[in-house]
Amino acid sequence: MTSLPLDGLRIISFEQFGAGPYATMFMAAMGAEVLKVETEATGGDYARKTGPDTLGPGDSLYFQTFNLNKKSICLDIKNPADRQTFENLVTNAHAVMNNMRGTLPAKLGLDYAALSNINPAIVCGHISAYGRDNRRAGWPGYDFLMQAETGFMALTGEPGTPPTRVGLSMVDYMTGMMMAFAVVSAIRAAEHSGKGMDVDVSLFDAATHQLAYQGTWFLNEGIVTDRQPRSAHPSTVPCQLYKTADGWVYVGCMHEGFWQMLLAELGRADLAEDPRFASPSERLSNREALTELLDADFARHPTDVWVERLQGKVPVAPFYDLQQALTSDFLVSETAMVERLVHPVAGDMTVLANPIRLNGRRLPQHPAPALGANTEEIAGRRENI
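In our numbering, the protein residues as written are 874 to 1258.
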């Protein structure tokens, strides 16, 4: 791929762990030059030491996951010489991004008020736990805390069980994507106006916004959505997991046509005449009874038989554990979502491909950098790292 949409953009990022690195990884994949600023004395991004496996000193699979396509420079901006180097870089940058406690960007001179005199068009992107303008600005915060407070854990898992965290750090990832979109949008505005701005997305706000229609239901009608059995949709039936002969299958009849098609494939025309299931509202009121009946039907065959029978007719998916999901025939053979890179220490390294396609082609990826690998190239001086 000879050119990418963000070719020519330079992003300077002070980032750790998930949300910030996730944002800039997508920007780098789309062609932006992302300069990841790390501090040599602390060993850089703590993600370099995180996870069950390492790829040599100062590297890990966790770090690689969120930092593909970037460059690493070592600067301590509390040091006057390094601060000057940073400010020199700002003159030709389009954005400076960070994910820090909300009180730190101003203290470290990473906001628009501090940097606009150097580059009036600079965009300053801030990911924080709770925002920079409230009494929680100085609080540390992480994905799992947001899931606890914003209702995610009350909506996840089976009724009657302890509050349950979503198994992935989705608040981090959603916040990162919102920030990437917001910063690119602000850069476009700055290209027209010549004036940059501060852009803020907090984990708390992003998580709250993802309550979406359940939030609107409560705010307008006082409807409190609870956890649903079998990971069911809160208002549509049948839309949940069902037991098969060897596992589980998820069936989602999101409109009446799918319900009728399901009955045809199951050979259960009788259920269409049952007054308990005659309408969406009746099926919702009688979900437990319908679950018992459909479990008995689905138990007649293994999951793969049902997927083959229903595919393309009724929305259906097999339940897979992580190993099954990452080795499934469809994923491996047809999606190109798994690719091999050459790591300078480990050799072959398998990663997930970027999900975005441009003109039908996956975005190019290369391994994340070693700590300070690009300091000499970018800052014009050698670091003893």
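We treat Cβ as the ideally placed atom computed from N, Cα and C, and that holds for glycine.
Please read all numbers here as calculations on a predicted model, not as lab measurements.
For the beta strand (DSSP E) that contains residue i, what are its first and last residues?
{"i": "Tyr1115", "result": "1112-1116"}
{"i": "Glu911", "result": "906-911"}
{"i": "Ile946", "result": "944-947"}
Let me confirm a value: residue i is counted as buried when at least 16 other C-beta atoms fall within 10 Å, else exposed. Which label applies?
{"i": "Arg1156", "result": "buried"}
{"i": "Ser1152", "result": "exposed"}
{"i": "Asp1071", "result": "buried"}
{"i": "Thr1023", "result": "buried"}
{"i": "Gly893", "result": "buried"}
{"i": "Ser886", "result": "buried"}
{"i": "Leu882", "result": "buried"}
{"i": "His1128", "result": "exposed"}
{"i": "Asp1143", "result": "exposed"}
{"i": "Lys943", "result": "buried"}
{"i": "Arg1230", "result": "exposed"}
{"i": "Glu888", "result": "buried"}
{"i": "Pro953", "result": "exposed"}
{"i": "Trp901", "result": "Sequence check: residue 901 is Ala here, not Trp. Burial call: buried."}
{"i": "Asn1274", "result": "Residue numbering for the chain in the displayed model covers 874 to 1258; residue 1274 lies beyond these limits and cannot be assessed."}
{"i": "Thr1117", "result": "buried"}
{"i": "Asn1232", "result": "exposed"}
{"i": "Arg1255", "result": "Per-residue confidence for Arg1255 stands at a pLDDT of 42, beneath the threshold of 50, marking its modelled position as unreliable; the derived number appears in the next sentence. Exposed, because fewer than 16 other Cβ atoms sit within 10 Å of the Cβ of Arg1255."}
{"i": "Asn858", "result": "This structure cannot settle anything about residue 858, because the visible part of the chain is limited to 874 through 1258."}
{"i": "Glu911", "result": "buried"}
{"i": "Pro948", "result": "The question names Pro, but residue 948 is Leu in the sequence shown. Label assigned to Leu948: buried."}
{"i": "Gln1113", "result": "buried"}
{"i": "Ile1251", "result": "buried"}
{"i": "Phe959", "result": "buried"}
{"i": "Ile1060", "result": "buried"}
{"i": "Gly1220", "result": "exposed"}
Residues bridged to residue i by DSSP?
{"i": "Asp1071", "result": "Cys997"}
{"i": "Cys1126", "result": "Looking at the DSSP assignment, Cys1126 forms no beta bridge with any residue, so it has no partner."}
{"i": "Met970", "result": "Ser886, Gly998"}
{"i": "Arg1230", "result": "Arg1235"}
{"i": "Gly1220", "result": "His1216"}
{"i": "Trp1121", "result": "Lys1116"}
{"i": "Val1211", "result": "Leu1225"}
{"i": "Thr1109", "result": "Answer is none; Thr1109 lacks a bridge partner."}
{"i": "Thr915", "result": "Bridge partners of Thr915: none, in fact."}
{"i": "Ser1066", "result": "According to DSSP, which records beta bridges pairwise, Ser1066 is partnered with nothing at all."}
{"i": "Thr927", "result": "Ser933"}
Report the rounded CA-to-CA distance for residue i versus residue j, giving the unit in angstroms.
{"i": "Phe1091", "j": "Ala1027", "result": "14 Å"}
{"i": "Ser1066", "j": "Gly1130", "result": "51 Å"}
{"i": "Leu1018", "j": "Leu1041", "result": "13 Å"}
{"i": "Thr897", "j": "Thr1208", "result": "24 Å"}
{"i": "Thr938", "j": "Thr1248", "result": "22 Å"}
{"i": "Ala1190", "j": "Arg1182", "result": "11 Å"}
{"i": "Leu1084", "j": "Thr1109", "result": "17 Å"}
{"i": "Ala1172", "j": "Ser1206", "result": "29 Å"}
{"i": "Glu1064", "j": "Ala994", "result": "7 Å"}
{"i": "Gly899", "j": "Glu1212", "result": "Note that residue 899 corresponds to Phe in the displayed sequence, not to Gly. Taking the straight line from one Cα to the other gives about 17 Å."}
{"i": "Leu1166", "j": "Pro1148", "result": "14 Å"}
{"i": "Gln1087", "j": "Val1122", "result": "25 Å"}
{"i": "Thr927", "j": "Met1222", "result": "12 Å"}
{"i": "Ser933", "j": "Gly1049", "result": "21 Å"}
{"i": "His1174", "j": "Ser1158", "result": "28 Å"}
{"i": "Gly904", "j": "Arg1005", "result": "30 Å"}
{"i": "Pro1241", "j": "Asp1170", "result": "It should be noted that the sequence gives Ala, not Pro, for residue 1241. Cα-Cα distance, rounded: 49 Å."}
{"i": "Ile1258", "j": "Val1178", "result": "Because the pLDDT at Ile1258 is just 32, under 50, the model does not fix this residue reliably, and the point stays unresolved."}
{"i": "Arg1141", "j": "Leu1163", "result": "12 Å"}
{"i": "Met1043", "j": "Ala1080", "result": "9 Å"}
{"i": "Gly929", "j": "Val1218", "result": "7 Å"}
{"i": "Gly924", "j": "Glu1094", "result": "44 Å"}
{"i": "Asn990", "j": "Asn961", "result": "12 Å"}
{"i": "Gln1020", "j": "His999", "result": "20 Å"}
{"i": "Arg956", "j": "Ile950", "result": "4 Å"}
{"i": "Thr1034", "j": "Arg921", "result": "35 Å"}
{"i": "Pro1237", "j": "Leu1214", "result": "10 Å"}
{"i": "Ile884", "j": "Met970", "result": "7 Å"}
Go to residue i, then tell me how far its alpha helix (DSSP H) extends in each direction, as first and last residue.
{"i": "Gly893", "result": "892-902"}
{"i": "Thr1081", "result": "1076-1082"}
{"i": "Glu1155", "result": "1153-1158"}
{"i": "Val963", "result": "953-963"}
{"i": "Gly1088", "result": "1085-1094"}
{"i": "Leu877", "result": "No alpha helix (DSSP H) contains Leu877, which DSSP labels as neither H nor E."}
{"i": "Ile1251", "result": "1248-1252"}
{"i": "Asp816", "result": "Beyond the ends of the chain as shown, which are 874 and 1258, falls residue 816; an answer cannot be given."}
Between residue i and the ligand HEM, is there a pair consisting of the residue's CB and a ligand heavy atom that are separated by less than 8 Å?
{"i": "Phe890", "result": "This structure does not include the ligand HEM; it has no bound ligands of any sort."}
Which parts of the region 1170-1201 are runs of the alpha helix (DSSP H), unbroken and 4 residues or longer, counting only runs that do not cross its ends?
-> With a minimum length of 4 residues, the continuous alpha helix (DSSP H) runs that stay inside the region 1170-1201 are 1176-1183, 1195-1200.
Only counting runs of 4 or more residues, tell me where the alpha helix (DSSP H) segments fall wholly within the region 973-1044, in order along the chain.
-> Counting whole runs of 4 or more residues, the region 973-1044 contains the alpha helix (DSSP H) stretches 977-980, 985-988, 1016-1022, 1025-1028.
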